[in-house]
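This report concerns only the one structure given below.
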Amino acid sequence: MGTLESLVEAVTIGEDEEAEALARQAMAEGMDPLEVVDGLTHAIREVGDRFERMEVFLPEMMLAAKAMQRAVEPVAPYLEERKIERERKGTVVIGTVEGDIHEIGKSIVALLLEVNGYKVHDLGPDVNALDFIKKAQEVEADVIGASALMTTTMPGQQEIVELLGEMGLREQFHVIVGGTPVTAAWAEEIGADSWAENAMHAVSVLDKAMEER
Amino acid sequence: MPAPPYKMWEILERARTGPFCEDEAFTLERFLPKMQEVISKYGIKYDPATPITRDDNLADALWQAGVEFFLAVGVLSVDTHRIMTFDEAELREALYLIPGEYLVGLGKDARVLEHRQVEDGKPPFVIFSPDISCDEEIFLPMCVAYLREPLADGFCAPILEESMGLKIKAKSPTELAGSMEHAMSLREAAKLVGRPGVFLVAAGTAESDVGQISISNSQWGVRTSDSRLVGGLTELKIDNALLNRVAHYQQFGCFTGSLTGPIYGGYAGRAEGTAVLQVAYHLMGLMVHQAHYQMNFPFHIHHTSGTSRELLWVSSASHQAVARNSKIISVSNGFLNAGPATEMVLYEAAAHALASTVSGANLWEAAPARNKHKNRATPMEARMAAEVGHACSFMNLSREEANALLLKILARYEDRITDAPLGSEFQECYDVRTSLPSPQYSDLYMRVKEELAALGLEFPY
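Those protein sequences? They're chains A and B, same order as listed.
Heads up, the first sequence is in numbering that gives the first Met the number 0, so the first residue is 0 and it goes up one at a time.
Heads up, the second sequence is in numbering that gives the first Met the number 0, so the first residue is 0 and it goes up one at a time.
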């Protein structure tokens, strides 16, 4: 098995120390850094797909994502040296709305977006509407993702859309909403740009939206 | 034996004085490796052929795994980034001090909520609950419909989304208004049906600690003979707002229920980890929530339901572990895939009640349509679960017999879980004026009940 294949396997099974060591070895062997990153990106997306099919579970996906981060560290300087930037599909600010303390669903969406090529800023749970917007402005985000797990916290999603309108920023950000009680009809009612039923759906919805942007 | 609290202020203080740990490190470096370790050490193994396990050794191993896991991992406060830890001696003391039974509710409506054993001949205590939100105008008729159910030992009302026509937003004054309306209407419904002292669990509309505290009022709100719930954060985490509830419920004097739902496919991983975590949550309920009973709703990460084969095994195995090794009062909450007025939802309610009751749990039934859709719950789903639970104890059913029955019921719905029918809303299959089910739903109910009887389930009446 070649170095790249071993590296991909280490990432896939979540062996972070081994992944970092193999990535260093790949660079020492003079491998093309872009080829290495492409291989890793493909591997981690496959892990995400397998999670959706419940062939692997969240702990395995988290360990694979951590191994991916460790593997990219020694490769990044070589990319920089060759003035190659990692492909980013877009920047997302994500969180669970104010008053809502649930976060695993939002965290899975954040993780899958990250492994699928998005730069993600996760604000955590119980986030005020204005804080979403301020952060999105600060990082020049393309997308604001707002999760709500309770019917009584869903108005927090509406508040984000309304504030964006009142601040004259509505067209600047794509607003996507989700969470167990959140439906496509609610997204339409509050004027969000899109709704996603689950994490992989969120990735495909945003991929399409970013292409059209 | 004294009831909780057990060393409440010493334990709450640990959220400020425990060892420092960041959120990600807690999950990645503490939770995940310890979970793998205990699953392997105690040989925990899910068997799809026996969703109701009859293996006492497995149940005891699961208990040991849950105890070791809980003591090693602890509970993280996400506000203070400190871990609340416990030693084995105090856990043993708290377990020893559990009374195992409480008189809940008031006057003629009071009932005994108690610990059950595996294959117990005692019928389960059944709390009826739609578990969903509903339109403001059908809140009262829906409560009346549930409270007039003869097998309801207790009741938890639906959640309001609006109060006085205003959209309720958590952590805002509208939440206080909605919580008050919820508590007052619930008491009104209980009085109307002639059960003024019935055991009530309230109020789901109060999402925040402030909302809960605002309705502690023996004149018009939640009384000390009623109960409140306190939950956790995913997984084995808590925050100050939840700890505020813990302290307030004890000081107010009502019964505390610990509300936890480990996620199959989440941080706990597969069925084995989900079951270990469910056992650990019983210990978190006892030590952190200072709870009088534990309410469990393990659910599937994609389907948000608990009636697939793996999740029924999780319920069965974890309840057996707790029933055999402690006096903790467990209540098993059904999350069903299908919606009301469908055959499937009644099969699912029956399956959940069967797996839970024979394994030593009481019942909390039920959340139809994946606990996702407004107005999609009726008392009929809860009634089916209650009747099956009573049949189970009436027959003194063994786990082996229950498993054989469960496999036949699973065969009737298992392949439809991913595209389960949404069914009807309450007002489509109930007469809102009389709070009675439609003739069509009543007929469907009787057909399914007769079918279950033909499979071998002997109903008391």
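For each residue, glycine too, the CB sits at the ideal point set by N, CA and C.
Note that the structure is predicted; figures quoted are calculated from it, not measured.
By alpha-carbon positions, which one of the options ends up nearest to residue i?
i: A:VAL108; options: A:THR179, A:GLY98, A:MET149 and A:GLU80; result: A:THR179
i: B:ALA532; options: B:ALA205, B:CYS133 and B:HIS389; result: This structure cannot settle anything about residue 532 of chain B, because the visible part of chain B is limited to 0 through 460.
i: B:ALA156; options: B:MET163, B:GLU118, B:ILE137 and B:SER171; result: B:ILE137
i: B:PHE25; options: B:ILE43, B:LEU57, B:LEU232 and B:SER184; result: B:LEU232
i: B:ARG53; options: B:PHE198, B:ASN370, B:ILE38 and B:GLU400; result: B:GLU400
i: B:HIS80; options: B:ASP238, B:GLN439 and B:PHE425; result: B:ASP238
i: B:VAL275; options: B:PRO4, B:LYS33 and B:LYS107; result: B:LYS33
i: A:ALA70; options: A:ASP48, A:GLY116, A:SER193 and A:ARG23; result: A:ARG23
i: B:PRO50; options: B:GLU309, B:ASP78, B:TYR145 and B:ARG415; result: B:GLU309
i: B:ARG415; options: B:VAL431, B:ALA337 and B:SER441; result: B:ALA337
i: A:THR2; options: A:GLU158, A:ALA25, A:VAL204 and A:LEU57; result: A:ALA25
i: B:PHE69; options: B:MET286, B:ASN216, B:GLY252 and B:GLU135; result: B:MET286
i: B:PHE85; options: B:ALA279, B:ALA2 and B:ILE38; result: B:ALA279
i: B:ALA376; options: B:THR341, B:THR356 and B:ALA14; result: B:THR341
i: A:ALA183; options: A:ALA201, A:PHE172, A:GLU170 and A:GLY167; result: A:ALA201
i: B:GLU234; options: A:GLY29, A:ILE103, A:ALA140 and A:PHE50; result: A:ILE103
i: B:ALA205; options: B:LEU362, B:ILE300 and B:SER171; result: B:SER171
i: B:GLY106; options: B:ARG222, B:GLU161, B:GLU424 and B:PHE334; result: B:ARG222
i: B:SER441; options: B:ARG432, B:PRO339 and B:ALA349; result: B:PRO339
i: B:GLY153; options: B:GLY265, B:ALA189, B:SER162 and B:SER178; result: B:ALA189
For a quick check, are the C-beta atoms of residue i and residue j less than 8 Å apart?
i: A:ASP125; j: A:GLU97; result: yes
i: B:SER325; j: B:HIS288; result: no
i: B:SER358; j: B:SER397; result: no
i: B:LEU443; j: B:VAL387; result: no
i: B:SER45; j: B:ALA410; result: What sits at residue 45 of chain B in the sequence shown is Tyr, not Ser. Result no, Cβ atoms of B:TYR45 and B:ALA410 do not sit closer than 8 Å.
i: B:GLY260; j: B:PHE296; result: yes
i: B:PRO436; j: B:MET379; result: yes
i: B:ALA368; j: B:LEU421; result: yes
i: B:VAL197; j: B:GLY104; result: yes
i: B:ASN332; j: B:MET294; result: yes
i: A:VAL10; j: A:MET67; result: yes
i: A:GLY190; j: A:ASP99; result: no
i: A:VAL91; j: A:VAL119; result: yes
i: B:LEU139; j: B:GLU180; result: no
i: B:SER392; j: B:ALA144; result: no
i: A:VAL62; j: A:GLY13; result: Note on identity: in this sequence residue 62 of chain A is Leu, with Val being the wrong assignment. It is a contact, given that the beta carbons lie within the stated cut-off.
i: A:PHE131; j: A:ALA147; result: no
i: B:VAL192; j: B:LEU146; result: yes
i: B:GLY42; j: B:ALA60; result: yes
i: A:ASP141; j: A:GLY89; result: yes
Less than 8 Å between the CB atoms is what I'm expecting for residue i and residue j, so what's the real figure, rounded?
i: B:PHE127; j: B:ARG110; result: Incorrect: roughly 13 Å between the Cβ atoms, too far for contact.
i: B:ILE214; j: B:ALA182; result: 4 Å
i: B:ASN494; j: B:THR303; result: The requested residue 494 of chain B is not part of the displayed model; chain B covers only 0 to 460.
i: B:TYR101; j: B:HIS291; result: 6 Å
i: A:LEU111; j: A:MET199; result: 7 Å
i: B:VAL313; j: B:TYR263; result: 7 Å
i: B:HIS372; j: B:PRO459; result: About 33 Å; that fails the 8 Å criterion.
i: B:GLY65; j: B:ALA320; result: 7 Å
i: B:ILE10; j: B:ILE327; result: Not quite, the Cβ-Cβ distance comes to about 17 Å (not below 8 Å), so this is no contact.
i: A:MET60; j: A:VAL46; result: 6 Å
i: B:ALA360; j: B:HIS301; result: Wrong, their Cβ atoms sit about 24 Å apart, outside the cutoff.
i: B:ASP22; j: B:VAL74; result: Not a contact, Cβ separation roughly 13 Å.
i: A:LEU57; j: B:GLY265; result: 5 Å
Is the closest heavy atom of the ligand COA to the C-beta of residue i under 7 Å?
i: A:ALA191; result: The ligand COA is absent from the structure shown, which contains no ligands of any kind.
> Quick one, which residues of the region 252-277 of chain B are near chain A if we go by CB-CB under 9 Å, in chain order?
Replying inline: ILE262, TYR263, GLY264, GLY265, TYR266, ALA267, GLY268, ARG269 and GLY272
>> At a CB distance below 8 Å, what residues from the region 13-32 of chain B approach chain A? Give them in sequence order.
In response: THR26, LEU27 and LEU31
>> For the region 225-242 of chain B, list every residue whose C-beta sits within 9 Å of some C-beta in chain A, in sequence order.
In response: GLY230, LEU232, THR233, GLU234, ASP238, ALA240 and LEU241
> According to a CB-to-CB cut-off of less than 8 Å, which residues of the region 179-213 of chain B neighbour chain A?
Replying inline: THR204, GLU206 and SER207
> Going along the chain, which residues of the region 100-121 of chain A sit with their C-beta nearer than 9 Å to a C-beta in chain B?
Replying inline: ILE100, HIS101, GLU102, ILE103, GLY104, SER106 and ILE107
> Mind pulling the alpha helix (DSSP H) runs of 4 or more residues that sit fully within the region 178-248 of chain B?
Replying inline: 208-212
>> Please give the ranges of any alpha helix (DSSP H) in the region 138-184 of chain B, keeping only runs that are unbroken, at least 4 residues long and fully inside the region.
In response: 138-146
> Going along the region 129-152 of chain A in order, which residues come within less than 9 Å of chain B, judged by CB to CB distance?
Replying inline: MET149, THR150, THR151 and THR152
> Going along the region 61-89 of chain A in order, which residues come within less than 8 Å of chain B, judged by CB to CB distance?
Replying inline: MET61, LEU62 and LYS65
>> To be precise: take each residue of the region 402-430 of chain B, compare its Cβ to all Cβ atoms of chain A, and keep it if any distance is under 9 Å. Which residues remain?
In response: none
> Of all the alpha helix (DSSP H) runs that stay within the bounds of the region 422-448 of chain B, which reach a length of 4 or more residues?
Replying inline: 425-428
>> Short of 7 Å Cβ to Cβ, which residues in the region 24-52 of chain A face chain B?
In response: none
> Taking any Cβ of chain A, which residues in the region 118-147 of chain B have a Cβ under 7 Å from it, in chain order?
Replying inline: SER132
> At a Cβ cut of 8 Å, what residues of the region 297-310 of chain B count as close to chain A, listed as they run along the chain?
Replying inline: ILE300, HIS301 and THR303
>> Taking beta-carbon pairs under 9 Å, can you tell me which members of the region 152-165 of chain B lie near chain A?
In response: ILE158, LEU159 and GLU160
>> As an exercise, report each continuous alpha helix (DSSP H) stretch of at least 4 residues that is fully enclosed by the region 132-188 of chain A, in chain order.
In response: 154-165
> Curious, which full-length beta strand (DSSP E) runs of at least 3 residues does the region 332-382 of chain B contain?
Replying inline: 361-366
> Using a beta-carbon distance cut-off of less than 8 Å, what residues from the region 172-201 of chain A approach chain B?
Replying inline: THR179, PRO180 and ASN197
>> Could you tell me which whole beta strand (DSSP E) segments of length 3 or greater appear in the region 53-136 of chain B?
In response: 74-76, 81-83, 100-103, 110-113 and 125-127
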